[in-house]
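What follows is a short report on a single structure.
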Amino acid sequence: NTNFKKNQLDLLNNNKKNEIWIFGGSTSNKGFCDSKDISWVDLLDSNLKKKNFSKNGINSTFSLSILKHELKSKESPETIIWANKVNEILHAKRNYNLNDRTIYNLNSIKKTLKNHSITFYFFDEFLIRVFDKFGINLRYEKKLLKDSDLIISSNEYFKNTKEAILLSDLSGVKNFYIVSLFNKSNLRGNENEFYKYYRDKVEELMKKFNKIKFIDTKKDLNIRNKELDLFCDSMHQNYSGKLVTAKIISNYLNEN
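Going left to right, the sequence shown walks through residues 1095 to 1350 as the numbering used here numbers them.
Shown next as structure tokens:
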């Protein structure tokens, strides 16, 4: 098993791409506000070729599936940016009620298939979004979340991110950045309830893996930034917001 991993690592290093891969949700994807055709990713100051795998409405589970799929090409990037956070509560929000056995059993089967087949995973996610276009929500979602739900979500985030880090190590990825993008409430010094659970898991990951670097973008906002109009809603940044985000992250990338 050890020799197999070593051979894989040698092979992957020989095919290493001079790229930076970005994973996240809609806050890292193109769209929204006054800059629908551009993301903060496009504004990064980096010599590496940028490849953005961010998708609207996804969390770390979907990002991990994309990462596995891309690494099957036996070509790895130099750097990975892992910007999942906002949608992580979906782990608990879409957790099915054990009392409804029919729904639970059907979705248990579906989850098993999604965990073992990337093709089925993407097909299911595509189908859900097609129905979204027609205003039909196929998901079961909790309306009120408890602390226990936030803990479940943070644990799922930890599990997925840990696996992503281990895969990146095996594939010879040099840098792995966990990024927390600032939201509109951060401009007023506020934070949502999930953040503390998220931050605890990030710190735990940093203790386990020395290569991990954490970029908490809200900590680099200056007084002038906080006075600007950077958002079109509570989460999605306009062009000015994307410029600020790109500059903060670029500074970290270039320093390291």
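The C-beta atom is built at its ideal place from N, Cα and C for all residues, glycine as well.
Please state whether the Cβ-Cβ distance between E1113 and K1143 is less than 7 Å. yes
Please list, in chain order, all residues of the same chain as N1348 whose beta carbon is under 6 Å from its beta carbon, the five residues on each side excluded.
none
**Prompt:** By how many angstroms is the C-alpha of R1282 removed from the C-alpha of I1317?
**Reply:** 11 Å
(message) Please identify the residue among L1337, N1350, I1343, Y1346 whose C-alpha is closest to the C-alpha of D1128.
(response) L1337
Note to self: Please list the terminal residues of the continuous alpha helix (DSSP H) segment that includes I1306.
What the structure shows: Looking at the DSSP string, I1306 is not in any alpha helix (DSSP H); the run it does join, the beta strand (DSSP E), is 1306-1310.
Using only the alpha-carbon positions, how far apart do L1165 and S1157 sit? 12 Å
| Where the beta strand (DSSP E) containing F1117 begins and where it ends | 1113-1117
Using the DSSP secondary-structure output, state which residues sit across from I1175 in a beta bridge. I1116, Y1271
The beta strand (DSSP E) enclosing N1345, as first and last residue numbers: N1345 -> not in any beta strand (DSSP E); alpha helix (DSSP H) instead, spanning 1333-1349.
>> Here's the rule: buried if 16 or more other CB atoms are within 10 angstroms of the residue's CB, otherwise exposed. What is H1210?
In response: When all chains shown are included, H1210 counts as exposed.
Inset, instruction - Would you decide whether N1284 is buried or exposed? Buried here means 16 or more other CB atoms lie within 10 Å of its CB. - result: exposed
Helix, strand or coil for K1278? Go by DSSP, reduced to three states. helix
Identify whether N1146 lies in helix, strand or coil by the three-state DSSP scheme.
strand
Quick one: Cα of A1242 to Cα of N1141, how far?
-> The amino acid occupying residue 1242 in the given sequence is Ser; Ala does not appear at that position. Those two C-alpha atoms are separated by around 43 Å.
| query | Does the beta-carbon of E1250 have 16 or more other beta-carbons within 10 angstroms, so that it is buried, or is it exposed? | reply | buried
Exercise for the section: Under the assumption that H1254 contacts T1155 (Cβ atoms under 8 Å), give the Cβ distance between them as a whole number of angstroms. Expected result: A quick correction: the sequence has Asn, not His, at residue 1254. About 6 Å separates the two Cβ atoms, so the contact holds.
Chain-order list of residues whose beta-carbon lies under 6 Å from that of K1307 (same chain, five-residue window excluded) = Y1271
- Query: Can you pull the DSSP bridge partners for F1325?
  - Reply: Q1331
### Query
Where K1320 and D1327 are concerned, what is the direct C-alpha to C-alpha distance, given to the nearest angstrom?
15 Å
- Task: Could you tell me how far apart the beta carbons of F1352 and I1183 are, in whole angstroms, since I believe they sit closer than 8 Å?
- Result: Residue 1352 lies beyond the residue range present for the chain, which begins at 1095 and ends at 1350; the question has no answer from this structure.
Check: The alpha helix (DSSP H) spanning N1249 covers which residue range?
Finding: 1241-1264
Proximity below 7 Å, CB of N1280 to CB of K1312: Yes, the pair counts as a contact, with Cβ atoms nearer than the cut-off.
field: Host alpha helix (DSSP H) of D1294 (start-end)
entry: 1288-1302
When the distance is taken between beta carbons, is G1118 closer than 7 Å to S1148?
The Cβ atoms of S1148 and G1118 sit closer than 7 Å to each other.
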